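Have a look at the structure below, then the notes.
Given below as structure tokens:
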């Protein structure tokens, strides 16, 4: 084909008109792609700005008088450095999202900006509620198991960290701040209880879905919440000159703790019955479990007796020891059930069980 013939055919192609719907569709797709690229560029700009803002924060610890100024600068920079929509999206993000770190940074900045201890405590309380809501959403969400497992682990870690941050908010022991210490400890005790219940519920919902590592992670977080609640209760008792109303309030809390331990004991005993149904189960291990539950029951009776006699501190010590026994025994039961269900790993389970702390 000669060049002039080729040119003539190309010119003829100009007269061909494509279908109008096809043209509109192509233009729409092109416009959508351009818009997505623009938003991606804005988001990358936000992350770059955030990294620049916090590049000095890891190594630099400004004086107390300047922290509020830096916090305000951070929040302002987060808003004006990119799009406001990014900040809004960050505040609705969940663990596992790229925007989640922005959310945490804004929350911490708000705590720094707070001008009073009461405001800081209120913010910590709200942030604790937020972490629990995030955990609930992730646990109830569907998705690939490995991806969900990773997000649940992150959410549990954030719950633990938030509880630790809240605990750090307790005013330093000072005669002039007794009321503030007690008020903060009461809120911390309440939130620790809510965290513990939420984590236990999450563990039940997942029930083996995330594997042993996730189960251990949740158990560790439950233990942290449990200990934090007890520590807060001890602070209340140590700081406050207890009147009748205060004693009644503490008695109710102690009663709730004892009831919770009794429920856990009943659960252990039910599992022990199931364990004894397997001939493969270790008789020695079953006897050990029974011995530990008996010790915990005796300690609970002592705690109740001490409460009746007004010996609150002694009752708390009884409860703390009983909880340690319960945690150890629950682990032995878990290992024992695993050994009879999966005989292939019985050797490892025996070794793990023998290394579990036992109260003598």
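In this note's numbering, the protein residues as written are 1332 to 1691. Glycine included, C-beta positions come from ideal geometry on N, C-alpha and C. In this text, all values refer to a predicted model and were calculated from it rather than measured experimentally.
Buried or exposed (CB count within 10 angstroms, at least 16 for buried), residue i
i            : result
residue 1455 : buried
residue 1512 : buried
residue 1475 : exposed
residue 1343 : exposed
residue 1458 : buried
residue 1637 : buried
residue 1335 : exposed
residue 1494 : buried
residue 1667 : buried
residue 1340 : exposed
residue 1560 : buried
residue 1649 : buried
residue 1548 : buried
residue 1395 : The predicted position of residue 1395 is uncertain, since its pLDDT is 46 and thus under 50; no value can be drawn from it.
residue 1601 : exposed
residue 1337 : exposed
residue 1440 : buried
residue 1436 : buried
residue 1438 : buried
residue 1358 : exposed
Limits of the unbroken alpha helix (DSSP H) element including residue i
i            : result
residue 1544 : 1542-1570
residue 1460 : 1448-1471
residue 1439 : 1431-1444
residue 1520 : 1509-1537
residue 1477 : 1476-1499
Beta-carbon gap between residue i and residue j smaller than 8 Å
i            : j            : result
residue 1627 : residue 1657 : yes
residue 1660 : residue 1599 : yes
residue 1563 : residue 1527 : no
residue 1566 : residue 1516 : yes
residue 1519 : residue 1497 : yes
residue 1467 : residue 1523 : no
residue 1592 : residue 1631 : yes
residue 1542 : residue 1482 : no
residue 1500 : residue 1451 : yes
residue 1448 : residue 1502 : yes
residue 1597 : residue 1606 : no
residue 1486 : residue 1479 : no
residue 1664 : residue 1619 : no
CA nearest to the CA of residue i, picked from the options
i            : options                : result
residue 1654 : 1447, 1484, 1553, 1358 : 1553
residue 1277 : 1546, 1448, 1508       : There is simply no residue 1277 to check, as the chain begins at 1332 and stops at 1691 in what is shown.
residue 1425 : 1452, 1470, 1509       : 1470
residue 1570 : 1585, 1550, 1602, 1509 : 1509
residue 1643 : 1479, 1351, 1581, 1490 : 1581
residue 1434 : 1422, 1551, 1444       : 1422
residue 1525 : 1360, 1540, 1491       : 1491
residue 1551 : 1350, 1619, 1662, 1578 : 1662
residue 1578 : 1641, 1594, 1350       : 1641
For the pair the stretch 1619-1629 and the stretch 1517-1537, tell me if three or more CB-CB distances fall below 8 Å. no
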